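Per the working numbering, residue 2 is the first one in the sequence shown, and the count goes up by one each step.
C-beta atoms are modelled at their ideal positions from N, C-alpha and C, and glycine is treated no differently.
In this text, all values refer to a predicted model and were calculated from it rather than measured experimentally.
In what follows, a structure is listed as structure tokens, so that the remarks can point back to it.
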Amino acid sequence: MRLIVTANLSSNILSRKNLLSALQKEGWTISAAGCIDGGTEELVKMGIDFVELPMENKGTGIFSDLKTFASFFTMYRKIKPDAVLHYNSKPDIYGTLAASMLGIRSISNITGLGTVYVGPDRLVRKIVNMLYRIAFLGKKSYVFFQNSEDRDLFLQLKIVPQNRCSVLPGSGVDIQSYAPVDATKGAEEPTHFLFASRLVIAKGIREFIEAAGIVKQTHENAVFDIIGEMLDYESFITREELEAAVSTGRVAYHGNAQGSRKWLETADCVVLPSYYREGVPRILLEGAAMGKPLIAADSIGTREPISDGINGYLCEPASGKDLARCMLDFLKLTPDERRKMGTESRKVAVSRFSDEIVSKKYLEILVQGRNA
């Protein structure tokens, strides 16, 4: 049985390596396809062939998108897989459409709807809705969502029928690799708040910087660490904004650090005030698995792993002041209260978001498709 897994970047495919290993154990021969970045070599070491797939990940240019569709169609026709898995919007749309035209079973994963569904551009939203609707017409396509709000929206818009979709617990998290470590701190050691994400405005980076400034007025020893990709796009904060925040001591920026685990080890609290329309952010699941309290915006996707006041706090979306309130509430907690919050986060990760749950669901749908 041959399977192709596609995403915008090879690192996004590698982040699902436990799923890939589970599929290999079930007898699937796997190829991966996407744009090359840091994950390619590791995939090859796993015995997975990698196909470089030209894909413009930003924007919806008609000619580049036609080229993307043609690349999917040509690849699928050549390799003739029994099934394909798609992640990210371009593979979800153009990969699924190509698979449907060739009669190939496909499973798409809506990893979040991004700024298209929170921005003011209704025309772009209508175009994207139409593309999804066309892609998911094929009866051999199945769609996973990462939260119930995204699923309900697609059902309401009649983009996908109810019998060909369901909700997964995010992308899942490896609860063995992301296990709690002993991070006992002395009473005088500073509290570290960690923001780990691309520095996209809608991810809440401005609110994080604003909140850091507010908190430091009364807790000047608190540390606000930022790791994540910085690009010169309109959707990102400007380099001048970031440099100003760093130069005044409000935050510390550590670049696009590879691997979040070492930063999670030193973090006391993981923060993501995103209103981006997430699936379920991986960094929150990784933080929860490592027994970290969480602070996030009360937004679609980000609220999923948090019970307010139990394993973290939910703040108002797009409000640096309310985020600061949550941070100040966290700073009031005793060490025992923080540990209790972290323990609750770990329980949530194990019981609801383990990648074993995700793997079982994928295998179930693949078996159903094979027996249909």
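What do you get for residue i, buried or exposed, if any count of 16 or more other CB atoms within 10 angstroms of its CB means buried?
| i | result |
| --- | --- |
| E235 | exposed |
| L124 | exposed |
| P306 | buried |
| H87 | buried |
| V272 | buried |
| L67 | exposed |
| A64 | It is Phe, not Ala, that sits at residue 64 in the sequence shown. Exposed is the call here. |
| L44 | buried |
| S11 | buried |
| K293 | buried |
| K159 | exposed |
| K204 | buried |
| G310 | exposed |
| S300 | buried |
Considering only the beta carbon of each residue, do residue i and residue j sit closer than 8 Å?
| i | j | result |
| --- | --- | --- |
| I227 | V252 | yes |
| S275 | A298 | yes |
| F146 | V168 | yes |
| P191 | V224 | yes |
| I37 | V6 | no |
| N89 | T112 | yes |
| W29 | L4 | yes |
| V201 | Y277 | yes |
| G313 | G280 | no |
| L114 | D151 | yes |
| Q269 | H193 | The residue you asked about is not Gln; residue 269 is Asp in the sequence shown. Contact: yes. |
| S172 | R304 | no |
| Y143 | R262 | no |
| G40 | I80 | no |
| M47 | N9 | no |
| S320 | E208 | yes |
| V52 | A34 | yes |
| A136 | T75 | no |
| A100 | V119 | no |
| E446 | V182 | No statement about residue 446 is possible, as the shown extent of the chain runs from 2 to 373 and does not include it. |
Using a Cβ-Cβ cutoff of less than 6 Å, which residues in the same chain neighbour residue i once the five nearest sequence positions on both sides are dropped?
| i | result |
| --- | --- |
| F155 | V161 |
| P170 | R353, F354 and I358 |
| N110 | Y88 and F145 |
| K1 | In the structure as shown, the chain starts at 2 and stops at 373, and residue 1 therefore has no counterpart that could be examined. |
| K83 | Checking the displayed sequence, the identity of residue 83 turns out to be Asp instead of Lys. If we look at D83 and ignore the five residues flanking it on each side, its Cβ neighbours are M2 and R3. |
| D50 | S32 |
| F237 | L200 and V201 |
Give me the DSSP bridge partner(s) of residue i.
| i | result |
| --- | --- |
| Y234 | Partner(s): none; Y234 has no beta bridge. |
| Y118 | Per DSSP, none; premise fails for Y118. |
| T7 | A34 and H87 |
| Y254 | I227 |
| I197 | A small fix is needed here, since residue 197 is Ala in this sequence, not Ile. Beta-bridge pairing links A197 to I228. |
| N110 | Y88 and F145 |
| V52 | A34 |
| L273 | A297 |
| S355 | V174 |
| S167 | F145 |
| L315 | A297 |
| E279 | G113 |
| D309 | G313 |
Within the same chain, show all residues whose beta-carbon is closer than 8 Å to that of residue i, passing over the 5 residues directly before and after it, in chain order.
| i | result |
| --- | --- |
| N257 | I228, G229, E230 and M231 |
Leaving out the 5 sequence neighbours to the left and right, which residues in its chain are closer than 7 Å to residue i when beta-carbon positions are compared?
| i | result |
| --- | --- |
| V117 | V125, R126 and V129 |
| R78 | L103 |
Q) Does the pairing of the stretch 349 to 361 with the stretch 17 to 24 give three or more beta-carbon distances under 8 Å? A) yes
Q. Is the stretch 317 to 331 touching the stretch 344 to 351, taking contact as three or more C-beta pairs under 8 Å?
A. no
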